Amino acid sequence: MYTASFLQDPDFIRVLYIFAFICFILGLRLLNHPRTARRGNRVAAVGMAIAVIATLLIESVGDYGLIALGVAIGTAVGVPAARSVKMTAMPQMVALFNGVGGGAVALISWVEYREALEHGGNPALETLIPILFAAIIGSVSFWGSNIAFGKLQEILPGRPIQLPGQQFINIALLAICIGCSVVIASGTESEGLFIVILVAAAILGNMFVLPIGGADMPVVISLLNAFTGLSAAAAGLALDNVALIVAGMLVGASGSILTMLMAEAMNRSILNIFKGGFGGGGTAPGATGDGEEKPVRSTDAADVAIQLAYASKVVVAPGYGLAVAQAQHAVRDLANALEKRGVEVVYAIHPVAGRMPGHMNVLLAEADVPYDSLKEMDEINPEFPQTDVALVIGANDVTNPAARDVADSPIYGMPILDVDKAAAVIVLKRSMNTGFAGIDNPLFYAENTSLLFGDAKESVQKVLKAVEDL
Amino acid sequence: MDLITELTILVLAAFVGFEVISKVPNTLHTPLMSATNAIHGIVLLGGLIVIGEATGFLDDFLLVIAIAFGTINVVGGFLVTDRMLEMFKRRD
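Same order as they appear, the protein sequences are chains A and B. If you're matching positions, the first sequence starts at 2 in the working numbering and goes up one per residue. If you're matching positions, the second sequence starts at 663 in the working numbering and goes up one per residue.
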């Protein structure tokens, strides 16, 4: 009996929670460096295990059969999904994992409210307000993440879907959520109203992500990640559970920072993104106006091979097109072949290369490119004037000098990789189509630029062969 | 615990989150997003706490789904992050 009572002592459980927090914070710190990041993730996972075990010790926790059932279902779904997902599909996987977290929060707050009604009516405001907040945000996050998943998985069209009066509808839905919450908080006991809130928030989640184009989706996922964190913290306030408060808030803060960093990298204000309509080939004023055919210089694999092999410094600027063509391994092989000839090869990674920040790093890491060859934008931009060849593969908007030079361009002000400052620029392109944002790129017509048309993977392989034959 | 203590913890946790994370290099943003995503799977605890008090089939049913969702979030999130970070290697 002594052991049992000691284990179930609320103070003992709180002490375990403190260890869990230490693990979370230490884990996040270790995630600051590629060398320690993996350990960081594991330390955080240990923290989670401690928090779960501590919670299971709480005296009022019971129904172990049902808990085991839920955990078993979750493991059976989560583990295979995490094991089999392709690295290119990582953004939608994160969206999905984020969504289920939000869904859990919404369901828990719903049951919490039902229980309260059964045991004597509305809870005190300090519990009720967090419950309502968690229900709204959790529901928005669940449905919004699902739409983001659908768009990235191409189940739904990636282009913005807009209804007339979209913003008015969103404001009305938000008003319904807040209005019903106020009615409940001022004393009305009604599960019906609570369900109205959940449904209105669900529709709001759908409506708010649908008008956003594919290019902006990472910002949305990051924001929803922060939302889920906040809703978990709110659930913690409602349940008087400090582990939920701390972990939820840590994520709320990190998600907010990431969202701002991403929006900044794209030179887009958060507000603009959520007005929607950009990033799916919608409107691009001032970009496609002149209509005249400008001359481009196209080249062949043999010529590219010679330029690369006799360079002393080559900077590869990869974009999502490279991942779509599954050309990462071919590029790595080409870089190895060049390095064998004494050429210095580094990669210039734009903060939003790929489909979420840091996505390109993961894709290249998967192809065994060492992380110290990957240079961030601010680090590499001063080096372009000393670069012999900049090799742009499947990247477009992030190399578009119009962002720097053309004041009326829709992407004006967006930070870009200054590849055009290299002595020679080689662009691997499938065709002359414009990029994600639907904006013409003056880089392609520059004097020092030549274009190699074709599938990125095949082109790189041809260049590799030509280098080896030199 | 009273509300003010909880709010104090909430605010301090937010600042810790800002401080710890604003230093992460771009390189690691995707794994970071995925790892923080796994951490908000902490909602799982909410399911564990509420299910002990819940009565009736509907409540139990909703909570089993919530626990399953939370588990997917935690287990899937940490696993997938580990898979990503496993690949980050130095030049040897």
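Using N, Cα and C, we set each Cβ at its ideal position, and we do this for glycine too. The structure presented is a predicted model; accordingly, all values stated were derived computationally and were not measured.
Note on geometry: alpha-carbon atoms of residue 723 of chain B and residue 328 of chain A lie some 46 Å from one another.
The beta carbon of residue 25 of chain A is closer than 7 Å to those of 45, 48, 248, 251 in its chain, skipping five residues each way along the sequence. Rounded to the nearest angstrom, the gap between the Cα atoms of residue 458 of chain A and residue 56 of chain A is 51 Å. A residue is called buried when at least 16 other Cβ atoms come within 10 angstroms of its Cβ; residue 146 of chain A meets this threshold and is buried. Counting only the Cα atoms, residue 116 of chain A lies some 8 Å from residue 715 of chain B. At least one beta carbon of chain B lies nearer than 8 Å to the beta carbon of residue 258 of chain A. Sequence-ordered contacts of the region 44 to 75 of chain A with chain B read 45, 46, 49, 52, 53, 56, 57, 59, 61, 62, 63, 64, 67, 68, 70, 71, 72, 74, 75 [C-beta pairs closer than 7 Å].
Counting C-beta atoms within 10 angstroms of its own C-beta, residue 218 of chain A has 16 or more neighbours from the protein chains shown and is therefore classed as buried. Here residue 255 of chain A really is in contact with residue 698 of chain B; their C-beta atoms are around 5 Å apart, less than 8 Å. Annotated three-state conformation of residue 132 of chain A is helix, per DSSP. Comparing alpha-carbon positions, the option among A:181, A:271, A:201, A:206 lying closest to residue 220 of chain A turns out to be A:271.
Contact check for residue 308 of chain A and residue 427 of chain A: beta-carbon distance about 7 Å, within the 8 Å limit, so the pair qualifies.
C-alpha of residue 246 of chain A to C-alpha of residue 362 of chain A: approximately 32 Å in a straight line. Around residue 128 of chain A, the same chain offers 239 as residues with beta carbons nearer than 7 Å, after the five sequence neighbours per side are excluded. Taken in chain order, the members of the region 678 to 702 of chain B whose beta-carbon sits within less than 8 Å of a beta-carbon on chain A are 678, 679, 680, 682, 683, 684, 685, 686, 687, 688, 689, 690, 691, 692, 693, 694, 695, 696, 697, 698, 699, 700, 701, 702. Restricting attention to A:234, A:418, A:105, the CA atom closest to the CA of residue 675 of chain B is found in A:234. Using a C-beta cut-off of 8 Å, the region 202 to 215 of chain A makes no contact with the region 68 to 84 of chain A, since fewer than three inter-stretch Cβ pairs fall below that distance. Interface criterion not met: the Cβ of residue 144 of chain A is under 8 Å from no Cβ in chain B.
Residue-level contact check: residue 124 of chain A does not touch chain B, since none of the beta carbons of chain B fall below 8 Å from its beta carbon.
Contact annotation for residue 25 of chain A against chain B: 701 [CB-CB distance below 7 Å, chain order]. Between the alpha carbons of residue 184 of chain A and residue 198 of chain A lies a gap of roughly 11 Å. Assignment of residue 446 of chain A by DSSP, reduced to helix, strand and coil, places it in the helix class. Of all residues in the region 195 to 210 of chain A, none is placed with a Cβ closer than 9 Å to any Cβ belonging to chain B. Contact between the region 337 to 345 of chain A and the region 373 to 380 of chain A is absent: fewer than 3 CB-CB pairs across the two stretches fall below 8 Å. Taking 9 Å as the upper bound on Cβ-Cβ separation, chain A lies near residues 735, 736, 737, 738, 739, 740, 741, 742, 743, 744, 745, 746, 747, 748 of the region 735 to 748 of chain B.
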